[in-house]
Amino acid sequence: MTAPTTTVADLVPAGPRRSGAAGRTARTPAGRRRGGRTLAGRLVVNAAAVVVFAASMFPVYWMVTTSLLPNRLVRRPDPLFVPVEPTLSNYHRVIVDESQFPFLDALRNSLAVTLLTVVGALLLALLAALALTRYRFRGRRWFILVILAVQMLPGEAMILSIYHLLDGWDLTNTIIGLTIVYIAAVLPFTIWTLRGFIAGVPVELEEAAMVDGCSRFSAYRRVTFPLVAPGLVATGVFAFIQAWNEFVTALVLMNRPENLTLPVWLRSFNKVNAGTDWAGIMAGSTLMTIPVVIFFLAVQSRMSAGIVQGAVKG
Amino acid sequence: MATATRVEAPHRPGARFPRPSPPLPLLLLAPASVVLLVLTGYPLIKLVITSTQKYGRAQVFGQPPEFVGLDNYRQVLTDSYFWTVLGRSIAFCAVNVLLTMALGTLVALLLTHLGRAMRLTVTVGLLFAWAMPPLAAIVIWGWMFDTQYGVVNWLLTNVGLDYQGHSWLINPVSFFAVATVIIVWQSVPFVAFTLYAALSQVPGDVMEAAEIDGANGRQRFRHITIAFIRPVLLLVTVLQVIWDLRVFTQIFALQDQGGITAKTATIGVYIYQVGIAQGRFDMGSAIAVLMVVIMLVASGFYVRQILKQEEL
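Residue numbers (my numbering), protein chains in the order written: chain R, 1 to 314; chain D, 1 to 312.
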């Protein structure tokens, strides 16, 4: 949201209201000029930055370091801060582990549920968001209100009756059962976000396409859809992360060892091996973290803006 | 409502199309509505119904449930343990929200003071903390706070304190301290990024005008910066309250690693214990309904705030 404003401002020649050098400072965010003018001030600010960086990164670093150490070097009184003798044996052990809680089964379950959730939620949300932005109809405002309120329903409270519902349909311990619950869970947010993206595409473009002979749906498909694609990606990543990380529903609905998803697998694996195989546990959590971090970094700028959408008016 | 829409219609973006035959938008909404009705609406109603019935394991296996009115609620609300759990959840939520907001605001302000390279570095660090799957985060911190080989105990012992073999999770107070560290660590990035975005919207010329008029740094911060970011600050705080009040995963998974369940349960965990672990669906549902009510009150505020900003 910040970036476009700056770009526009850079294109506008310095007008009467902001002249020359003053115009430059006027565009920098308010706080930036106050600190860091003196050397001492700059030192304090940068030291604080180093502390924040270290506090944020250390646990992640610690996870990766531990996962690369042979187990005998993990269990020693003085911890090693650098992976001397790095090894992938922990990863190998976790992946091929055929014990009580197999990793590969959990990975397969997580991938299946997550991908199906993303596809399903995007499809349903796209249709709904089109209806909400491109048409006026009775009950439209109501629908949006419900969408907003439903997001706040705590899954921890709903899980009892959802379990009953799925149990009645024999859908516990199935991919499809967990998937439909996840689709319902991410749908409100995906509709809300896509609605914002579609509203950003001028109707005039669709009208122009229709004047040139497109039907309404081919106007959507050829004009709106490509323009909304970045929004679909961002929303899809959000749904991905939600489904990949979700814990309580998976814990209750998928309770057979071969039906666990990765978070529940990690919990069980940790329960069994804590104290004895920290290196293996860290290898497992690293494996589970990698896809999320990649996706997260890819769309981070939209994440916070999306969540509090409407709060910051550009 | 219909007439109001028609009057306003020419100004609204969607209205330029010829008015569609009514079923089309409803057709587009149908799939999403069905999913939400079946998997959110119905369970919600079922939850309320179950909370007014006697519903235990016997009923799961086919015995028809008996209507008992508000008996379950009476039982829950007269149980002192429920109030303990509720009080614990609220206190935990308050501490976490306060810490998260304070640290998040400080980090956001810090970001505005940093040069480009340093800001990017801090941003990447924060992103990693934010992106961690909660369960991985819990497991990592559990390892760092490990009794025997944990790096935290090692560090404190080396500083000269006697923390060798110290168990962090067995004592409820330090259990919640560890949970707070995990939650705050993961929540600060979101708050910091959002507030940083808001801070960069504070117009520089207003600031400048105030400076020329003789306002000092603190006055400018209080009367201009805070005034400009207040809506965002409010919204983020409400979101944090909602999220921290319903905390489940962190508490539940930490209990696995050595916490005492009865002394560390928050409301979400309590619902799980009563409803799922003990199979008392009726009582569990009653507690769940109470939790839903509390959440809806809290989120009513959030929804109003959003509606103020957005034109629907």
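Glycine included, C-beta positions come from ideal geometry on N, C-alpha and C.
Within 8 Å of any Cβ in chain R, is that where the Cβ of residue i sits?
i	result
D/Tyr167	Note on identity: in this sequence residue 167 of chain D is Ser, with Tyr being the wrong assignment. It does not; no Cβ of chain R falls within 8 Å.
D/Asp256	yes
D/Arg246	yes
D/Ile90	no
D/Tyr272	yes
D/Pro25	yes
D/Phe82	no
D/Tyr42	yes
D/Tyr302	yes
D/Met101	no
D/Phe281	yes
D/Arg12	Legend: pLDDT at D/Arg12 = 49, less than 50; position of this residue unreliable, no value from coordinates given.
D/Ser299	yes
D/Ile276	yes
Give the residues of chain D in contact with residue i, contact being defined as C-beta atoms less than 7 Å apart.
i	result
R/Arg75	Tyr149
R/Val293	Phe128, Ala131
In angstroms with no decimal places, state the Cα-to-Cα distance between residue i and residue j.
i	j	result
R/Ala184	R/Met288	24 Å
R/Met210	R/Val203	11 Å
R/Arg27	D/Gly204	Note that R/Arg27 scores 43 on pLDDT, short of 50, meaning its location in the model is unreliable; the coordinates nonetheless yield the value given after this. Going from the Cα of R/Arg27 to the Cα of D/Gly204 covers about 6 Å.
D/Leu29	R/Ala283	43 Å
D/Trp168	D/His113	37 Å
R/Ile290	R/Gln242	15 Å
R/Thr193	R/Gly231	8 Å
R/Arg141	D/Leu307	11 Å
R/Val223	R/Leu127	15 Å
D/His11	D/Ala129	Model confidence at D/His11 stands at a pLDDT of 47, short of 50, so the residue's coordinates are unreliable and nothing is read from them.
D/Gln63	R/Leu166	19 Å
D/Thr78	D/Thr237	31 Å
R/Asn270	R/Ile281	6 Å
D/Val323	D/Arg280	Past the boundaries of the shown model lies residue 323 of chain D; chain D is included only from 1 to 312, so the question cannot be answered.
R/Ala208	D/Ala32	29 Å
Shorter than 8 Å from the beta carbon of residue i to some beta carbon of chain D?
i	result
R/Leu297	yes
R/Tyr135	yes
R/Val92	According to the sequence shown, residue 92 of chain R is His rather than Val. Not closer than 8 Å to any Cβ of chain D, the Cβ of R/His92 fails to qualify, so no.
R/Arg34	Low confidence applies here, because R/Arg34 scores a pLDDT of 47, under 50, leaving its location unreliable and the question unanswered by this model.
R/Met254	no
R/Ala274	yes
R/Trp169	no
R/Ser285	yes
R/Phe53	yes
R/Leu266	yes
R/Thr289	yes
R/Asn270	yes
R/Leu111	no
R/Leu80	no
If the cut is a Cβ gap below 8 Å, which residues of chain R does residue i touch?
i	result
D/His285	Per the sequence shown, the amino acid found at residue 285 of chain D is Ser instead of His. Simply Leu160, Ser161.
D/Lys46	Ser161, His164, Leu165
D/Ile242	Met152
What span of residues does the alpha helix (DSSP H) with residue i cover, start to end?
i	result
R/Val223	Segment: none, R/Val223 is in no alpha helix (DSSP H) and carries neither H nor E.
R/Leu43	39 to 68
D/Met295	281 to 309
R/Pro263	262 to 273
R/Glu246	No alpha helix (DSSP H) holds R/Glu246; DSSP gives it neither H nor E.
R/Trp142	140 to 150
D/Thr112	80 to 113
R/His164	155 to 168
D/Leu29	23 to 36
D/Gly69	Run containing D/Gly69: none; DSSP gives neither H nor E here.
D/Gly41	Segment: none, D/Gly41 is in no alpha helix (DSSP H) and carries neither H nor E.
Along chain D, in chain order, which residues have C-beta atoms closer than 8 Å to that of residue i?
i	result
R/Ile281	Val139, Trp143
R/Pro86	Within chain D, no residue comes near R/Pro86; the closest Cβ sits about 18 Å away, beyond 8 Å.
R/Val181	Leu39
Run through chain R and tell me which residues come within less than 9 Å of residue i, C-beta to C-beta.
i	result
D/Pro134	Asn245, Phe247, Pro263
D/Pro64	Here the premise fails: no neighbours, minimum Cβ distance about 15 Å.
Distance cutoff 8 Å, beta carbons only. Does residue i sit that close to anything in chain C?
i	result
R/Asn259	Although the question refers to chain C, the structure presented lacks it and instead comprises the protein chains R and D.
Residues of chain R with a CB under 7 Å from the CB of residue i: which are they?
i	result
D/Met118	Asn46, Ala49
D/Leu28	Leu127, Ala128, Leu130, Ala131
D/Val97	Within 7 Å Cβ-Cβ: nothing; D/Val97 doesn't reach chain R, min ~15 Å.
At a CB-CB cut-off below 9 Å, which residues of chain D make contact with residue i?
i	result
R/Thr66	Ile140, Trp143
- prompt: How about the segment 101 to 114 of chain D and the segment 74 to 84 of chain D: do they share at least three Cβ pairs that are nearer than 8 Å?
  reply: no
field: the segment 220 to 238 of chain R contacting the segment 253 to 263 of chain R, beta-carbon criterion three pairs below 8 Å
entry: no
query: For the 8 Å Cβ check, are there 3 or more pairs between the segment 94 to 103 of chain R and the segment 152 to 167 of chain R?
result: no
task: Could you say if the segment 254 to 272 of chain R and the segment 104 to 123 of chain R meet the contact criterion of at least three C-beta pairs nearer than 8 Å?
output: yes
message: Check whether the segment 174 to 190 of chain R and the segment 24 to 44 of chain D touch, using three or more Cβ-Cβ pairs below 8 Å as the test.
response: yes
query: For the segment 195 to 213 of chain D against the segment 261 to 274 of chain D, are there 3 or more C-beta pairs whose distance is under 8 Å?
result: no
field: contact_flag[the segment 70 to 77 of chain D, the segment 40 to 55 of chain D] where n(CB pairs < 8 Å) is 3 or more
entry: yes
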